[in-house]
Amino acid sequence: MTARMIDKVWTGIFYAVAAAVIGLLMFFFAVVLSKGAGFWQPEFLFGRPSNTQAGGGIGPQLINSFYMLVVTLLLSVPLSLGAGIYLAEYAKQGRIVGFIRLCLETMASLPSIVVGLFGLLAFVTLTGWGYTLLGGALAVTIINLPGLTRICETAILDVPANIKEGSLALGATRWQTLVKAVLPAAIPQIVTGVILSAGRIFGEAAVFIYTAGLTTPMLRWDADWGSQANPLNVFRPAETLTVHIWKLNSEGIVPDAKLIAAKSAAVLMVAVLLFNLAARLASSLLARHFSGGRRARRGRGERSKAA
Numbered sequence: 001m002t003a004r005m006i007d008k009v010w011t012g013i014f015y016a017v018a019a020a021v022i023g024l025l026m027f028f029f030a031v032v033l034s035k036g037a038g039f040w041q042p043e044f045l046f047g048r049p050s051n052t053q054a055g056g057g058i059g060p061q062l063i064n065s066f067y068m069l070v071v072t073l074l075l076s077v078p079l080s081l082g083a084g085i086y087l088a089e090y091a092k093q094g095r096i097v098g099f100i101r102l103c104l105e106t107m108a109s110l111p112s113i114v115v116g117l118f119g120l121l122a123f124v125t126l127t128g129w130g131y132t133l134l135g136g137a138l139a140v141t142i143i144n145l146p147g148l149t150r151i152c153e154t155a156i157l158d159v160p161a162n163i164k165e166g167s168l169a170l171g172a173t174r175w176q177t178l179v180k181a182v183l184p185a186a187i188p189q190i191v192t193g194v195i196l197s198a199g200r201i202f203g204e205a206a207v208f209i210y211t212a213g214l215t216t217p218m219l220r221w222d223a224d225w226g227s228q229a230n231p232l233n234v235f236r237p238a239e240t241l242t243v244h245i246w247k248l249n250s251e252g253i254v255p256d257a258k259l260i261a262a263k264s265a266a267v268l269m270v271a272v273l274l275f276n277l278a279a280r281l282a283s284s285l286l287a288r289h290f291s292g293g294r295r296a297r298r299g300r301g302e303r304s305k306a307a
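Per the UniProt record's numbering, the sequence shown starts with residue 1, numbered consecutively.
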């Protein structure tokens with residue numbers, strides 16, 4: 001067999017593997033969407049769940065999931081960005097940095113159920129808060145911190161050295177170079193990582209079962225700030241959409257529990273898909289913005305008109 005024939009065979013194998021992966025993903029999407037048909041109906045997306053009668057919605061669970069996502073990102077993004085900046089720009093290779101990386105790798109390899117049990121001990125029992133949205137956000141931050149830190153560090157290290165050297169050569173300080181030159185160039189990768197991690201937060205279940213609880217109060221926007229009925233109160237139980245799906249499949253007693261779980265799964269899958277598409281779009285737009293792509297195209301267009 002000639003080298004050209006071997007190349008064609010392996011190329012065909014790789015194409016077949018890629019087609020199988022795409023086919024499997026499309027089959028998964030088709031099955032979930034077919035079983036959860038009707039998930040786009042407003043009365044389902046914004047309606048209240050029912051414990052005894054058919055036809056309940058997922059309004060409170062959807063609010064809890066998005067609010068949990070926002071709170072978690074507010075906690076994890078600054079910590080991850082600060083750790084990434086330290087490891088990429090300020091840390092000197094040695095035992096301390098090696099120990100930090102070991103801790104991050106260990107945290108990244110922890111099963112979510114273990115983090116959930118730790119959150120139950122630390123943020124539910126020891127603090128005396130009980131099941132709260134804040135406890136769930138703190139627990140899932142532990143899961144997100146290693147991955148986001150690595151993304152931020154890699155994004156900063158991938159910035160070309162001539163950008164830093166040019167900024168320093170013009171008299172900028174190290175901090176000014178970091179803020180004005182390095183971070184803007186690294187933002188597309190960082191934003192992509194943040195949006196992708198948002199999809200994981202939105203789809204997490206085991207951690208929230210032990211920290212955020214299995215119930216949600218009757219939410220009212222006109223309730224007092226300290227009331228558990230206020231949707232913005234972080235010290236209230238918050239059953240997320242993934243926990244709601246698990247609860248329906250394990251102990252749901254409503255007649256259409258399986259249908260509601262299927263619709264909820266379809267909503268969750270579409271949300272994660274939108275997070276991934278948003279990551280690609282945001283990365284493309286930010287890279288174009290900070291690289292001056294629009295200005296470059298506008299300049300070429302003006303030159304062509306002048307000619």
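Ideal Cβ placement from N, Cα and C applies to all residues, glycine included.
Since this is a predicted model, take the numbers as computed values, not measurements.
Item, Value
"Residue environment, LEU259, which counts as buried when at least 16 other CB atoms sit within 10 Å", "buried"
"Straight-line Cα distance separating PRO111 from TYR15", "33 Å"
"Pair within 8 Å by beta-carbon distance, ILE187 and THR72", "no"
"Chain-order list of residues whose beta-carbon lies under 6 Å from that of GLY47 (same chain, five-residue window excluded)", "GLY57 and GLY59"
"Beta-carbon gap between ILE156 and GLU251 smaller than 8 Å", "no"
"Whole runs of the alpha helix (DSSP H) within the stretch 74-149, excluding any shorter than 4 residues", "95-108 and 112-119"
"Contact between the stretch 32-51 and the stretch 169-189 (3+ Cβ pairs under 8 Å)", "no"
"Minimum C-alpha distance to GLY119 - residue among GLY94, LEU145, ALA108 and ALA212", "ALA212"
"Cβ-Cβ separation, LEU148 to GLY193 (assumed contact under 8 Å), whole Å", "6 Å"
"Buried/exposed call for ALA198, threshold 16 Cβ in 10 Å", "buried"
"Proximity of PHE44 and LYS263 at Cβ, strictly below 8 Å", "yes"
"Three-state class that DSSP yields for ILE253 in the structure shown", "coil"
"Cβ shell of TYR210 (< 7 Å), same chain only, five flanking positions each side left out", "GLY116, LEU117, GLY119 and LEU120"
"Close Cβ partners of ASP256 (< 6 Å) along its chain, the five nearest in sequence each way excluded", "ALA54"
"CB contact flag (LEU134, PHE235, <8 Å)", "yes"
"As assigned by DSSP and simplified to three states, the class of ASN230", "coil"
"Buried or exposed (CB count within 10 angstroms, at least 16 for buried), residue 333", "This structure leaves residue 333 out entirely; the chain is present only between 1 and 307."
"GLN189 burial status per 10 Å Cβ neighbour count (16 or more: buried)", "buried"
"Endpoints, the alpha helix (DSSP H) within which PRO42 is located", "42-45"
"Neighbourhood of ALA287 by C-beta, 7 Å cutoff - its chain only, sequence neighbours within 5 removed", "PRO188"
"Exposure label - ILE245; buried when at least 16 CB within 10 Å", "buried"
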